[in-house]
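A.B. asks: Input: one structure, supplied below.
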Amino acid sequence: MIHILTPDIYNKIAAGEVVDRPYSVVKELVENAIDAGATEISVEIDGGGKRRIRVTDNGGGIEKADLPSAYASHATSKLRSADDLFGVRTLGFRGEALASIAAVSKMCIVSKTAEDEAYSLSSEGGVLGEVHPAAGANGTTVTVEDLFFNTPARLKFLKSDGQEEGDVTNMIARFLLSRPEISFEYTVNGKTKYRSFGDGLAAALAAVYGKEILANLCEIDADRHGVRLHGFLGNRNFSKPNRTYQSLFVNGRYVVNQTVGAAISNAYASYLMKRQYPFYVLFLELPPEIVDVNVHPNKADVRFADNQVVYGTVYSVVSSVLDGNSRALEYLVSERGRGEASSAAEEAPAASMPAASQTAAPSPQMSYEEAKKELQFEVPVTAGRSPMPRSGPLLFEVHAPTPAEEDAFEANRRFLLEEEKKQQRVDPATLEYKGELFHTYLCYERGDEAYLVDQHAAHERLIYDRLREKMAARSVVSQPMLMPFVLELNAQEFAFLKQNFSLLREIGFEAEEFGGSTVKVSAVPADLMAMDLNAFFGEVLSSMESLRTIRLPDLLKDKLASAACKAAVKGGEQLTEKEVRALLERMDGDMGLKCPHGRPVAVHLKKSEIEKLFKRIV
Ligand code: ADP
Ligand code: MG
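Following our numbering from start to finish, the sequence shown increments by one per residue and tops out at 605.
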């Protein structure tokens, strides 16, 4: 039964645009199918979802009389009163998705309940047609065509078909993972991309990432402090170049949450190097009343009543497993247990558990309040790691910066850097050379100030800048390879590279689509023939989230830096007077320079600071 929410209720729900992109349409439709109890869901998209999106389910269906109200704003069968908001278990609850999708597309719903025949109702730009008898199996098919056909401004705002498709694919992958008991079929432009059979998380992982991935993962299931954490974690030495291989589901919803993210990163911190990210697909289940799912209109984050409990639990479970300490036994789902979990658990739950867990397992009756107290001692905060977000009424919101924010931030940063530079620039003619220390540090006096210049760092920086300029200005010669190099990517990585194909071509790479989400590289820049392509593309993909475009000098920073380091004069090498002069000239009075590794080129000392050392002044 669909009913219209009264204004006092829907006003309590964060307002916001639900549908702004094809993937958000797909998301709403699939969530509706899940809410309708479907066990089989198929999703088809064409033209990145702009041309057509179709979601078919075998759920409960919509009664004939309810079809028109499904299109009405604030119409929902899932929520009746404001109180219900605090125990939301279904995915959709605002009752505005279908109405807002219908308003900006040509939509058709065909639905059949078990008790009645099938009926269809179409709309164009939100204008409803008539309810007609139709043919169809039990369940619902929603077709959305020509998204934003009547709002050209929003249509223009969409990304390329390929990118929109990548975002849909990524989200569908997360549905397969979050609902491993549902059979999904996902088809793009007529080709099946994912197929899962509702037979468990391991199978869903294999459907999304290929079955080889399982060899690198371990399955965990931990129940502590009223918090259950289960799913798959990458082994200690299994890493990915970016965060797109991380999925967290809180009470069944995919979210990006800083508290949990920081807990997991910190648990892995000692095993992974910089720019390596753990792989995980984890489910966190907590009492719904301590989770606020209404943080963000698109439901991408949640807020916990107490971050410390969540952080502490996740951190201690994940690090126990990674460190392999005795507690890990409680959390690890053994290979044997995985396959037989359901039958074994039903027959003899106690016998299938490791002996240790019966004594050491925390009592499941421990209340949330008790857990909070116990955890006060368990939360590790180590310097240098990601800070643990504070709990409290102020919520943190994790969202990727929008292009506008990013640009403002970048502009600001550049401005500050320029300002800093200006202050550190001196007229070289005012610097008086006073000799060197240890054949390494050149000493200059300037009024009441002194500068020590590290000759190696300075020279290294100057060479590095020159190499960069040369690289940016060089003419491109592309060299075909004997054996093409094939990159296996996930949907997001694929979309990113694809978007940059032309740039890669400009810098001498020949890269093209190679079926599915693989990319074939068949030529490289001639002057980089000997490069390690794995490392190079690893680097490209590691900064995918921050890179707007691919720029070669940025990516080859390390290579240029080591070339500069080799070519530069060393510390301990005595320079001739002429060389000293040349170095200062080329520095052009810039005392704020840093070497390519970020160390300062010059150190600034005030006369008064030296006098303090001698206690002449205090
Ligand atoms: P909400 O999901 O927030 O209730 P929607 O606008 O997404 O709002 O959907 C409106 C109503 O239409 C739902 O409450 C539900 O009753 C009905 N509905 C939508 N999609 C389906 C579906 N696939 N199967 C059955 N009922 C559906
Ligand atoms: Mg909905």
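Note that the Cβ used here is the ideal one computed from N, Cα and C, for glycine as well.
This one's a predicted model, so the numbers in the text were calculated from it and none came from an experiment.
Is N19 a contact residue of the ligand MG, with contact defined as CB to any heavy atom under 7 Å?
C.D. replies: Here residue 19 is taken as the residue at index 32 of the sequence shown, counted from 1. N19: yes, Cβ under 7 Å from the ligand MG.
A.B. asks: For the putative contact between V301 and L216, defined by C-beta atoms under 8 Å, what is the C-beta separation to the nearest angstrom?
C.D. replies: The sequence position of residue 301 within the sequence shown is 314, counting from 1. The sequence position of residue 216 within the sequence shown is 229, counting from 1. That pair is a contact at about 6 Å.
A.B. asks: Looking only at C-alpha atoms, which of P120, A90, K93 sits nearest to E104?
C.D. replies: Here the question's residue 104 lines up with position 117 in the sequence shown. Minimum Cα distance to E104 is reached at P120.
A.B. asks: Can you give me the C-alpha to C-alpha distance between E334 and P265, rounded to a whole angstrom?
C.D. replies: Position 347 of the sequence shown holds residue 334. Position 278 of the sequence shown holds residue 265. At E334 the pLDDT is 34, less than 50, meaning the model places this residue with poor confidence; the figure from the coordinates comes in the next sentence. Distance between the alpha carbons of E334 and P265 is about 36 Å.
A.B. asks: In the stretch 199 to 287, which residue ranges form an unbroken beta strand (DSSP E) of at least 3 residues, counting only runs that do not cross its ends?
C.D. replies: 204 to 211, 214 to 221, 233 to 237, 240 to 242, 267 to 272
A.B. asks: Let me know the alpha helix (DSSP H) ranges lying completely inside the stretch 4 to 34, each 4 residues or longer, listed in chain order.
C.D. replies: 9 to 22
A.B. asks: How far does the beta strand (DSSP E) with M94 in it reach, from first residue to last?
C.D. replies: By one-based count along the sequence shown, residue 94 stands at place 107. Element bounds for M94: 93 to 99.
A.B. asks: Starting from K51 and walking both ways along the beta strand (DSSP E), at which residues does that stretch end?
C.D. replies: In the sequence shown, counting from the first residue as 1, residue 51 sits at position 64. K51 -> no beta strand (DSSP E), and no H or E assigned at all.
A.B. asks: According to DSSP, K178 sits in a beta bridge with which residue or residues?
C.D. replies: Taking the first residue of the sequence shown as 1, we reach residue 178 at position 191. BP columns for K178 point to V175.
A.B. asks: Taking the alpha carbon of R230 as the point to measure from, which residue in R262, V214, D210, L204 has its own alpha carbon closest?
C.D. replies: Translated into the one-based positions of the sequence shown, residue 230 becomes position 243. Per the Cα distances, R262.
A.B. asks: Roughly how many angstroms lie between the CA atoms of E480 and E500, to the nearest whole one?
C.D. replies: Looking up residue 480 in the sequence shown gives position 493. Looking up residue 500 in the sequence shown gives position 513. For E480 and E500, the distance between alpha carbons rounds to 12 Å.
A.B. asks: Which value, in whole angstroms, describes the spacing of the CA atoms of R211 and K99?
C.D. replies: One-based indexing of the sequence shown puts residue 211 at position 224. One-based indexing of the sequence shown puts residue 99 at position 112. So the two alpha carbons sit approximately 43 Å from each other.
A.B. asks: I want to check one thing, is the minimum distance from the CB of A84 to the heavy atoms of the ligand MG below 7 Å?
C.D. replies: Your numbering for residue 84 matches position 97 in the sequence shown. Correct: A84 has its Cβ closer than 7 Å to the ligand MG.
A.B. asks: Express the C-alpha separation of R240 and Y451 in angstroms, rounding to a whole number.
C.D. replies: Position 464 of the sequence shown, counted from the first residue, corresponds to residue 451. Position 253 of the sequence shown, counted from the first residue, corresponds to residue 240. Spanning the two alpha carbons is a distance of roughly 48 Å.
A.B. asks: Excluding sequence positions up to five away, which residues of its chain have a Cβ less than 6 Å from the Cβ of R39?
C.D. replies: Counting from one through the sequence shown, the residue named residue 39 turns up at place 52. Once the five neighbours on either side are set aside, the close Cβ partners of R39 are D33, E132.
A.B. asks: Looking only at C-alpha atoms, which of L570, P275, P55, E206 sits nearest to A315?
C.D. replies: Along the sequence shown, read from residue 1 onward, the residue named residue 315 stands at position 328. When only C-alpha atoms are compared, the closest one is E206.
A.B. asks: Is the CB-CB distance between G558 and H443 below 8 Å?
C.D. replies: For the purposes of this step, residue 558 is identified with residue 571 of the sequence shown, where counting begins at 1. For the purposes of this step, residue 443 is identified with residue 456 of the sequence shown, where counting begins at 1. Result yes, Cβ atoms of G558 and H443 sit closer than 8 Å.
A.B. asks: Please state whether the Cβ-Cβ distance between A20 and G46 is less than 8 Å.
C.D. replies: In the sequence shown, counting from the first residue as 1, residue 20 sits at position 33. In the sequence shown, counting from the first residue as 1, residue 46 sits at position 59. In contact: A20 and G46 (Cβ atoms closer than 8 Å).
A.B. asks: Output the distance between the C-alpha atoms of H584 and C552, rounded to the nearest integer angstrom.
C.D. replies: Taking the sequence shown and counting its residues from 1, the one referred to as residue 584 is at position 597. Taking the sequence shown and counting its residues from 1, the one referred to as residue 552 is at position 565. So the alpha carbons of these two residues sit roughly 10 Å apart.
A.B. asks: Using a Cβ-Cβ cut-off of 8 Å (strictly less than) and excluding sequence neighbours within five positions of I604, which residues of its own chain qualify?
C.D. replies: Start at 1 with the first residue of the sequence shown, and residue 604 comes out as number 617. Only S595, E598 meet the Cβ criterion.
A.B. asks: Assuming L543 is part of the alpha helix (DSSP H), what are its boundary residues?
C.D. replies: Indexing the sequence shown from 1 puts residue 543 at position 556. Premise fails: L543 is in no alpha helix (DSSP H) and is neither H nor E.
A.B. asks: Is T417 helix, strand or coil by DSSP?
C.D. replies: The sequence position of residue 417 within the sequence shown is 430, counting from 1. Helix at T417.
A.B. asks: Does the beta-carbon of M94 have 16 or more other beta-carbons within 10 angstroms, so that it is buried, or is it exposed?
C.D. replies: Reading the sequence shown from its first residue, position 107 is the one you call residue 94. Answer is buried; the Cβ neighbour count reaches 16.
A.B. asks: Taking 8 Å as the threshold, find out whether the stretch 568 to 583 comes into contact with the stretch 460 to 473 through three or more Cβ pairs.
C.D. replies: no
A.B. asks: On the three-pair Cβ rule with 8 Å, is the stretch 177 to 195 touching the stretch 505 to 525?
C.D. replies: no
A.B. asks: Can the beta-carbon of G153 be found closer than 8 Å to that of A498?
C.D. replies: Numbered from its first residue, the sequence shown carries residue 153 at position 166. Numbered from its first residue, the sequence shown carries residue 498 at position 511. Cβ atoms of G153 and A498: not closer than 8 Å.
A.B. asks: Do you know offhand how far A395's Cα is from L145's?
C.D. replies: Position 408 of the sequence shown, counted from the start, is the residue given in the question as residue 395. Position 158 of the sequence shown, counted from the start, is the residue given in the question as residue 145. Here A395 scores only 47 on pLDDT, less than 50, and its place in the model is too uncertain to base an answer on.
A.B. asks: Compute the minimum distance between the beta carbon of T130 and the heavy atoms of the ligand ADP, and state whether it is under 7 Å.
C.D. replies: Residue numbering aside, residue 130 sits at position 143 when the sequence shown is read from its first letter. No.
A.B. asks: Quick one: Cα of P139 to Cα of V91, how far?
C.D. replies: As a first step, residue 139 is located in the sequence shown; it is residue number 152 there, counting from the start. As a first step, residue 91 is located in the sequence shown; it is residue number 104 there, counting from the start. For P139 and V91, the distance between alpha carbons rounds to 10 Å.
A.B. asks: Among V289, V567, M458, which has the Cα closest to the Cα of G422?
C.D. replies: Working through the sequence shown from its first residue, we reach residue 422 at position 435. G422 has its Cα closest to that of V567, out of V289, V567, M458.
A.B. asks: Between V6 and the rest of its own chain, which residues show a CB-CB distance below 6 Å, the 5 nearest in sequence each way excluded?
C.D. replies: Within the sequence shown, residue 6 is the residue found at index 19, counting from 1. So the qualifying residues of the chain are V12, S87, I88.
A.B. asks: Give me the Cα-Cα distance between S147 and Q561, rounded to the nearest whole angstrom.
C.D. replies: One-based indexing of the sequence shown puts residue 147 at position 160. One-based indexing of the sequence shown puts residue 561 at position 574. C-alpha separation (whole angstroms): 58 Å.
A.B. asks: Per DSSP, what kind of secondary structure is Q411 in: helix, strand or coil?
C.D. replies: Along the sequence shown, read from residue 1 onward, the residue named residue 411 stands at position 424. In the structure shown, Q411 adopts helical secondary structure according to DSSP, grouped into three states.
A.B. asks: Do E497 and the ligand MG come close, with the Cβ less than 7 Å from some heavy atom?
C.D. replies: Here residue 497 refers to the residue found at position 510 when the sequence shown is read from its first residue. E497: no, Cβ never under 7 Å from the ligand MG.
A.B. asks: Suppose you measure from the CA of K198 to the CA of L204; what does that come to, to the nearest Å?
C.D. replies: Locating residue 198 in the sequence shown gives position 211, counting from the first residue. Locating residue 204 in the sequence shown gives position 217, counting from the first residue. Using only the alpha carbons, I get a separation of about 11 Å.
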